[in-house]
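Visitor:
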Amino acid sequence: MKENYLEFYKSAERNGNLVYRQAAREMLLADEISLVINFNELRGFDPDSADEVLKNPKLAIEEASAAINDLLRLEGEDQLEEVHARFRNLPKLTQIRDIRAKDIGTLIMIEGVATRVTDVKPELSEAIYKCERCGETIAVMQSGEKIRTPALCENRSCASRGPFTLIGEQSKFMDWQGMRVQEKPETLRGGRMPVYINTVLREDLVESVQPGNRITVVGTLKATQPTQKGRTAATVLEKYIEVNNLETQEKGIEEIEITREDLVDIEKLARDPYICEKIMGSIAPSIWGFDPIKEAIALQLFSGKYRLLPDGTWQRGNINILLVGDPGAGKSAMLTYTKNLAPRAVYASGRSSSAAGLTAAVIRDEMSGSFALEAGALVLADGGIACLDEFEKMNEQDRAAIHEIMEQGTLSIAKAGIIATLNARTSVLAAANPKFGRFDSYRGLADQIDLPPTILSRFDLIFPIRDVPKEDKDRRIAQHILKFRSMADNSLKQEIEPELLRKYISYSRTNIAPNIDEEAAKRMEDFYADMRRGGAEGNPIPITPRQLESIVRLSEARA
Numbered sequence: 083m084k085e086n087y088l089e090f091y092k093s094a095e096r097n098g099n100l101v102y103r104q105a106a107r108e109m110l111l112a113d114e115i116s117l118v119i120n121f122n123e124l125r126g127f128d129p130d131s132a133d134e135v136l137k138n139p140k141l142a143i144e145e146a147s148a149a150i151n152d153l154l155r156l157e158g159e160d161q162l163e164e165v166h167a168r169f170r171n172l173p174k175l176t177q178i179r180d181i182r183a184k185d186i187g188t189l190i191m192i193e194g195v196a197t198r199v200t201d202v203k204p205e206l207s208e209a210i211y212k213c214e215r216c217g218e219t220i221a222v223m224q225s226g227e228k229i230r231t232p233a234l235c236e237n238r239s240c241a242s243r244g245p246f247t248l249i250g251e252q253s254k255f256m257d258w259q260g261m262r263v264q265e266k267p268e269t270l271r272g273g274r275m276p277v278y279i280n281t282v283l284r285e286d287l288v289e290s291v292q293p294g295n296r297i298t299v300v301g302t303l304k305a306t307q308p309t310q311k312g313r314t315a316a317t318v319l320e321k322y323i324e325v326n327n328l329e330t331q332e333k334g335i336e337e338i339e340i341t342r343e344d345l346v347d348i349e350k351l352a353r354d355p356y357i358c359e360k361i362m363g364s365i366a367p368s369i370w371g372f373d374p375i376k377e378a379i380a381l382q383l384f385s386g387k388y389r390l391l392p393d394g395t396w397q398r399g400n401i402n403i404l405l406v407g408d409p410g411a412g413k414s415a416m417l418t419y420t421k422n423l424a425p426r427a428v429y430a431s432g433r434s435s436s437a438a439g440l441t442a443a444v445i446r447d448e449m450s451g452s453f454a455l456e457a458g459a460l461v462l463a464d465g466g467i468a469c470l471d472e473f474e475k476m477n478e479q480d481r482a483a484i485h486e487i488m489e490q491g492t493l494s495i496a497k498a499g500i501i502a503t504l505n506a507r508t509s510v511l512a513a514a515n516p517k518f519g520r521f522d523s524y525r526g527l528a529d530q531i532d533l534p535p536t537i538l539s540r541f542d543l544i545f546p547i548r549d550v551p552k553e554d555k556d557r558r559i560a561q562h563i564l565k566f567r568s569m570a571d572n573s574l575k576q577e578i579e580p581e582l583l584r585k586y587i588s589y590s591r592t593n594i595a596p597n598i599d600e601e602a603a604k605r606m607e608d609f610y611a612d613m614r615r616g617g618a619e620g621n622p623i624p625i626t627p628r629q630l631e632s633i634v635r636l637s638e639a640r641a
């Protein structure tokens, strides 16, 4: 089989280039130890070898790796002590929730979000033992979870059964890291709970991913005994993936596939003079009114532009919105609609969310026993929207944890010896109740919002929602609800189908980059100056240049 791989490396072409010969040389120049193989190219060259990779990955990967050194020798290059063949682009993408017992021992490919990453640890690969009776040293290759010891001393004149002492200085180790991969939130529909699987990274794959990264993993599915102290061996095992290759996806919200037919529909929508009204009409159509809020959510879905400033820092483009209103005013329903409509969204409740649940946690991993960094809701929603209900229920420590996320789009962690900065370019749509349960007409607005000015200033838009009885309005709401409950009535059909609207949003954010001309800049300048004058007259929420940046983001989203 090794000869088949060598022939493939020698002859495989891509755009007229001997792709793997060139890749092998580049691997050496970059001081790397892995060669990535496109599975489709191997299958086109030798279908039998490709099938063997899927069915018997352990042997196939060993042979493919050995053939890399043969290729280096033919090229007149130095051979490597450790070299790895890594495969990508398998023919089938397996959903994490669809992994079954029949897949154990086979090579599979999954996609998901890295939610937990442990620190890097040394794993024993070759143990050197010393016989205490005669001093003979014995090498024992390690595989599996339990350490292997010599059965007998290899010195024939001794041949004792021990005792043996491990010589750590002469033994060989490799880097090991545990990672948990969870289903992507945007793939979950119908209120499903996300499913996860643990994975193991070794050697040059460690430290290649951070919590919150969206990744494609190729690896061998294996099963192991659950780690339970004092328990006998169980017949029900825990599954995990021994990773062969890992690729980080940097597409973000643009992951949604857009076909040519979709592009025709998108261009047709873009030419519609009433497109803004139709988008607003497609947001929470079962809720009557709230047009300014629906327009704001539409702007949040489209977002502004991220900019790299000359000093190397990023200026955020995501928009943050706060809804503060009386109970039963429809805030939670608005968040739920947005969560279901957005191309990428995560929903969390302030009542049950700690700083760890919203941001990131340093926890003790059950696989390794060491501390691991686990991503929270705001990190998992990177590039999308985090819908946070009952925002006022979070304590001060929880709120403080999201200051950096709302302004910088990053999260800095320094806990239990783990220091990391995670991406959290997340738009926040938060809902909160007034401090005293309901709005009081005789109190100022800011006095009734139980949030500090440092948090309020990070919201681009704040909407107070008062439930004031008015017969005409109440009758309209009642009629709207009753019509919506009637299955025979089709007048509440959304202006734009949700799937098409998601694709329209994704296409706009990917391909449209509005620029501010002089006239627009002058109008923004005048508006900001007027806001500053108004803010100087006792406004409890300070008007700062942060609000000017909000104006820019909202204008870009509108464009």
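Heads up, the sequence shown is in my numbering, so the first residue is 83 and it goes up one at a time.
For each residue, glycine too, the CB sits at the ideal point set by N, CA and C.
1) If you run the structure through DSSP and keep just helix, strand and coil, what is serine 385?
2) Compute the Euclidean distance between the alpha carbons of alanine 496 and isoleucine 220, then round it to the nearest angstrom.
3) Give the DSSP-derived three-state secondary structure of valine 282 in the structure shown.
4) Could you pull out every residue in the same chain whose Cβ sits closer than 6 angstroms to the Cβ of methionine 83, ignoring the five residues on either side in sequence?
5) Does the pairing of the region 148–164 with the region 173–191 give three or more beta-carbon distances under 8 angstroms?
6) Report the start-end ranges of each alpha helix (DSSP H) in the region 115–197 that is 4 residues or longer and not cut off at the edges.
7) If contact is defined by three or more beta carbon pairs under 8 angstroms, each pair taking one atom from either stretch, is the region 285–302 in contact with the region 241–254?
8) Indicate whether leucine 583 and aspartate 347 have their beta-carbon atoms separated by less than 8 angstroms.
9) Cα-Cα, which of Ile375, Ser637, Ala424 and Ser632 is closest to glycine 407?
10) Within 10 angstroms of the Cβ of tyrosine 388, are there 16 or more other Cβ atoms? Answer buried if so, exposed if not.
11) Let me check understanding here. Comparing Cα to Cα, which of Arg446, Asn151, Arg170 and Asn327 lies closest to leucine 124?
12) For cysteine 358, which three-state DSSP category applies?
13) Take alanine 424 and list the residues in its own chain whose beta-carbon comes closer than 7 angstroms to its own, dropping the five residues that flank it on each side.
14) Exposed or buried, what is aspartate 373 when buried is set at 16 or more other beta-carbons lying within 10 Å of its beta-carbon?
15) Measure the C-alpha to C-alpha separation of tyrosine 322 and serine 494 and round it to an integer number of angstroms.
16) Thinking C-alpha only, which one of Glu218, Pro232 and Met223 is nearest cysteine 240?
17) Given that a residue counts as buried once 16 or more other Cβ atoms are within 10 Å of its Cβ, and exposed if not, what is lysine 413?
18) Could you please give me the residues that DSSP links to arginine 262 through a beta bridge?
19) Could you give the DSSP three-state label for aspartate 599: helix, strand or coil?
20) Name the residue from Glu579, Arg548, Tyr91 and Leu470 whose alpha carbon lies nearest to the alpha carbon of arginine 155.
21) Short of 7 angstroms in beta carbon distance, which residues of its chain neighbour threonine 626, apart from the five on each side in sequence? Order them along the chain.
22) Are the CB atoms of leucine 283 and valine 325 within a distance shorter than 8 angstroms?
23) Where do the ends of the beta strand (DSSP E) carrying glutamine 490 lie?
24) Inspect the CB distances between the region 192–202 and the region 222–238 and report whether three or more fall short of 8 angstroms.
25) Which residue comes first and which comes last in the beta strand (DSSP E) that contains arginine 446?
26) Whose CA, out of Lys140, Arg96, Ile150 and Glu114, lies closest to the CA of phenylalanine 127?
27) Note the first and the last residue of the continuous alpha helix (DSSP H) segment covering threonine 536.
28) Which residue comes first and which comes last in the alpha helix (DSSP H) that contains alanine 105?
29) Determine the direct distance from the alpha carbon of phenylalanine 545 to that of leucine 404, and round the result to whole angstroms.
30) Is the beta carbon of arginine 398 less than 8 angstroms from the beta carbon of glycine 458?
31) Under the DSSP definition of a beta bridge, which residues are partnered with glutamate 89?
32) Counting along the chain, where does the beta strand (DSSP E) carrying isoleucine 587 start and finish?
33) Using beta-carbon positions only, say whether asparagine 280 and arginine 296 come within less than 8 angstroms of one another.
34) Once the 5 residues before and after alanine 427 are set aside, which same chain residues still bring their CB inside 8 angstroms of it?
35) One question on the structure: do glutamate 474 and leucine 533 come within less than 8 angstroms of each other, judged by their Cβ atoms?
36) Rounded to a whole number of angstroms, what is the C-alpha to C-alpha distance between proline 276 and glutamine 264?
Guide: Judging by the given coordinates:
1) Correct three-state label for serine 385: coil.
2) Computed Cα separation, rounded: 43 angstroms.
3) Valine 282: strand per DSSP, three-state reduction.
4) Cβ neighbours of methionine 83 beyond the five flanking positions: Glu145.
5) The region 148–164 vs the region 173–191: no contact.
6) List check, alpha helix (DSSP H) in window: 121–127, 129–137 and 139–156.
7) The way I'd put it, the region 241–254 doesn't touch the region 285–302; fewer than three beta-carbon pairs between them come closer than 8 angstroms.
8) Aspartate 347 is positioned such that its CB atom lies no closer than 8 angstroms to that of leucine 583.
9) Comparing Cα-Cα distances from glycine 407 to each of Ile375, Ser637, Ala424 and Ser632, the minimum goes to Ile375.
10) Classification for tyrosine 388: exposed.
11) When the alpha-carbon of leucine 124 is set against those of Arg446, Asn151, Arg170 and Asn327, the nearest one is in Arg170.
12) In this structure, cysteine 358 counts as helix in the three-state DSSP scheme.
13) Leaving aside the five residues that flank alanine 424 on each side, the residues in its chain whose CB is nearer than 7 angstroms to its CB run, in chain order, Leu383, Gly466 and Ile467.
14) A residue is called buried when at least 16 other Cβ atoms come within 10 angstroms of its Cβ; aspartate 373 does not meet this threshold and is exposed.
15) If I take the Cα positions, the gap works out to 29 angstroms.
16) It is Glu218 whose Cα lies nearest to the Cα of cysteine 240.
17) Looking at its Cβ environment, which holds 16 or more other Cβ atoms inside 10 Å, lysine 413 is buried.
18) According to DSSP, arginine 262 bridges with Arg198 and Asn280.
19) Aspartate 599 falls in the coil class under three-state DSSP.
20) Of Glu579, Arg548, Tyr91 and Leu470, the residue nearest in Cα terms is Tyr91.
21) For threonine 626, same chain residues with a beta-carbon under 7 angstroms away, outside a window of 5 residues either side, are Ser539 in chain order.
22) Closer than 8 angstroms, so yes.
23) No beta strand (DSSP E) holds glutamine 490; the alpha helix (DSSP H) holding it covers 485–490.
24) Not touching, per the Cβ criterion.
25) Membership of arginine 446 in the beta strand (DSSP E) is indicated by the continuous run 442–446.
26) Taking each of Lys140, Arg96, Ile150 and Glu114 in turn and checking the Cα distance to phenylalanine 127, the smallest one comes out for Arg96.
27) Looking at the DSSP string, the run of the alpha helix (DSSP H) that includes threonine 536 is 535–538.
28) Note, alanine 105: alpha helix (DSSP H), 101–111.
29) Inter-residue distance for leucine 404 and phenylalanine 545 is about 6 angstroms (C-alpha atoms, whole angstroms).
30) The Cβ atoms of arginine 398 and glycine 458 do not sit closer than 8 angstroms to each other.
31) Its beta-bridge partners do not exist; DSSP assigns none.
32) No beta strand (DSSP E) holds isoleucine 587; the alpha helix (DSSP H) holding it covers 580–593.
33) Going by C-beta atoms, asparagine 280 is not nearer than 8 angstroms to arginine 296.
34) The answer, listed in chain order, is Pro267, Glu268, Thr420, Lys421, Ala463, Gly466, Ile467, Ala468 and Cys469.
35) Here glutamate 474 is near leucine 533, since their CB atoms are less than 8 angstroms apart.
36) Taking the straight line from one Cα to the other gives about 7 angstroms.
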